[in-house]
Amino acid sequence: MTAALLSLTLRGLLNRRRTLLLGLIGALILLVAVIYRLSGPAEAEASTFTGRLLADFGLGVLLPLVAVIVGTAAIGSELDDGTILYLLAKPIPRMLIVAIKLLVAAGVVTVLVALPILLAGIIGTGGSASLGLAYAVAAAFGALEYTAVFLALSLVTSRALVIGLAYVVVWEGVVAGLFAGTRIFSVRQHALAVGDALAGDGAVTAELAAGSALLIGFAVTLLAFGLAVRRLERVELRGDSN
Amino acid sequence: MSQITLREVSRWYGNVVAVNDVSFEVGAGITGLLGPNGAGKTTLLHMMAGFLAPSAGDVRIDDSPTWRHPEVYRRIGFVPEREAVHPFLTGRQFVHSSARLQGVKDPVAATERAIEMVDLREASGRAIGGYSKGMRQRVKVAASLVHDPEVLILDEPFNGMDPRQRLHMMDLLRSMAAEGRTILFSSHILEEVERLSDRVLVVVAGRLAASGDFRRIRRLMTDRPHTFSVRSSDDRLLARELLASPEVQAVELHDGALTVRTGDYGQLTRAVGPAAQRAGVSLLELRPADESLESVFSYLVHR
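Order-wise, the sequence lines are chains A and B.
To convert, note that position 77 of the first sequence is 77 in our numbering; the numbers rise steadily by one, no gaps.
Numbers in our numbering are just positions in the second sequence, counted from 1, shifted up by 1000.
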């Protein structure tokens, strides 16, 4: 039952067009790292530049963008086209459906984001894996939190993608930049804090302590998971016309 | 043997009442849910299948409420009217994943059996995205049968099927009913219901208009007063002649149009020609004015 749910979710998420688009977004960071390396930078600056690249572009752009697309599609696309009916018409606890969808989606985001971040880190620093690994772990943590939030959002509104993008661009991009106090509600800041603490090079100074970021991040993930289960248990399917 | 029970069930969307205080029981055998489009059939079926919460009342399969009880799907097979099926799966993969999600013991054997039942073996290796409407309908039925459910609920199952597939599906449902299963299907086509089910539930505008033996309801439908509109070279002369016929209940000349009411559909159609001949007028048109299914249903409601 669980294996069937896993493979169905994975196949639904990774349709050809979406996979290609997400792969291209992930390739961007690699491209920047390669171009940087080819420009023959001073070794002393390489670590700082790469740290900024992984934090600002990897965690700040790549991660939320991929997470909003995958997270809102994990259940949302089936809700949109009505195929969720075949899943709901099965004797499967709704909590299990949400758990598997969340794990698969977070896994997909991790592979699509953390892997390019790790590789970009190695390329950018000229062979050292530690910086890339730190931000890859942070990306995996952020992937779980983002995906949980966007998956729950897709069960609350049919405009989850637009609202999710607005959250990433307006809240995390603008509001959290202007008002430090709002950063506690920014998933990006949670991931940055973890990445910063693991990298320990001071290239990026996160606003939150890693401990608080981890605590809040897991709490948000749990809350979003609970909300998603509650919403899925109450999803109503009206049919087309009658 | 399972039973579907609805007690004083209503469902509304905001100010719109889709189902209004409906109560009935459906037991083993085939029951047809008949009604015009927009009557509330799908809303009723979705409540029975646990996809919609009743706004009031109680919907159960045996002792279990259907809303928010996923366990009930071990006993239900549901075939939606909606066409959406995962387009990236082949027919066989779709039925097989249904079997696995249902927790069937031998999903491969169950898949083959279900595909065989709906006569889809040849196309089962192709992606559903390329299926015709009738093939999609059959693969949905196969997926709903794969766990051998006691209750089968089908929303407009014959839509898009060609006559051969329709007959095959009817035979399949009959054989399943003969095994003691409870089968409920909806349709807006009188003849489909007539050919398949002994028992019928008629819904109109969200209300249960009639229920019971099909022949009795069919009689109610055919014995009702019928209205014809007539055009001739001299409507006034023809009206006078028709009024003398015993099968004519009333004639009306209004704005130059002649309408005739009768209690006997067949007798009237046979009487109009000779009446025109006797009156010496040319009959230009004789047309039933109220033969839409909706008018038949609304007659039942207002009776």
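From the three backbone atoms N, C-alpha and C, an ideal C-beta is built for every residue, glycine too.
Assign residue i to one of two classes, buried (16 or more other C-beta atoms within 10 Å of its C-beta) or exposed (fewer than that).
i: B/D1155; result: buried
i: A/G127; result: exposed
i: A/L5; result: buried
i: A/V156; result: exposed
i: A/Q189; result: buried
i: B/P1149; result: buried
i: A/S212; result: exposed
i: B/D1171; result: exposed
i: A/A114; result: buried
i: B/F1214; result: buried
i: A/I35; result: exposed
i: A/V68; result: buried
Do you know how far the Cα of residue j is from the Cα of residue i?
i: B/R1219; j: B/G1266; result: 14 Å
i: B/R1126; j: B/K1133; result: 14 Å
i: B/R1261; j: B/L1243; result: 10 Å
i: B/L1006; j: B/G1057; result: 8 Å
i: B/A1018; j: B/V1009; result: 11 Å
i: A/S241; j: B/V1141; result: Only weak support is given to the placement of A/S241: the predicted model assigns it a pLDDT of 45, under 50, and the question is left unresolved by the model.
i: B/H1086; j: A/L215; result: 38 Å
i: B/R1092; j: B/S1098; result: 10 Å
i: B/S1002; j: A/V149; result: 41 Å
i: A/G40; j: A/A129; result: 19 Å
i: B/R1074; j: B/E1285; result: 57 Å
i: B/G1038; j: B/Y1131; result: 27 Å
i: A/A228; j: A/L144; result: 14 Å
i: B/V1272; j: B/S1232; result: 11 Å
i: A/L62; j: A/G26; result: 7 Å
i: B/S1245; j: B/D1264; result: 12 Å
i: B/W1012; j: B/R1166; result: 34 Å
i: A/A152; j: B/R1113; result: 38 Å
i: A/M1; j: A/T50; result: 43 Å
i: B/V1108; j: A/R17; result: 31 Å
i: A/D196; j: A/T83; result: 42 Å
i: A/A33; j: A/L22; result: 18 Å
i: A/G71; j: A/A105; result: 6 Å
i: B/S1186; j: B/D1198; result: 14 Å
i: A/G173; j: A/L223; result: 23 Å
i: B/G1212; j: B/E1025; result: 11 Å
i: A/R231; j: B/H1147; result: 27 Å
i: A/K90; j: B/K1105; result: 15 Å
i: B/G1180; j: B/E1116; result: 20 Å
Thinking residue i and residue j are a contact (beta carbons under 8 Å), I'd like their distance in whole angstroms, please.
i: A/G177; j: A/R37; result: So it is not a contact: roughly 29 Å between Cβ atoms.
i: B/I1128; j: B/F1094; result: 6 Å
i: A/L30; j: A/P116; result: 5 Å
i: B/R1068; j: A/E233; result: 6 Å
i: B/T1259; j: B/S1282; result: Between B/S1282 and B/T1259 the Cβ distance is about 19 Å, and since that is not below 8 Å, they are no contact.
i: B/L1238; j: B/A1279; result: 5 Å
i: B/M1047; j: B/P1054; result: 5 Å
Based on DSSP bridge pairs, tell me the residues matched to residue i.
i: B/L1007; result: Checking the sequence shown, residue 1007 of chain B turns out to be Arg, not Leu. Bridge partners of B/R1007: B/D1058.
i: A/S128; result: Beta-bridge pairing links A/S128 to no other residue.
i: B/G1077; result: B/L1152
i: B/A1250; result: B/R1261
i: B/R1207; result: B/V1204
i: B/R1138; result: Per DSSP, none; premise fails for B/R1138.
i: B/S1097; result: Partner(s): none; B/S1097 has no beta bridge.
i: B/P1288; result: B/F1228
i: B/S1064; result: B/I1061
i: A/I163; result: Beta-bridge pairing links A/I163 to no other residue.
i: B/L1033; result: B/S1186, B/L1201
Check residue i in the structure and name its three-state DSSP category.
i: B/R1236; result: helix
i: A/S7; result: helix
i: A/L208; result: coil
i: B/F1228; result: strand
i: A/W171; result: helix
i: A/L96; result: helix
i: A/S241; result: The predicted model places A/S241 with a pLDDT of 45, which falls under 50 and marks its position as unreliable; any figure quoted below should be read in that light. Residue state, collapsed to three classes: coil.
i: B/Y1131; result: coil
i: A/S186; result: coil
i: A/G82; result: coil
i: B/A1028; result: coil
i: B/V1281; result: coil
i: B/A1018; result: strand
i: A/F179; result: coil
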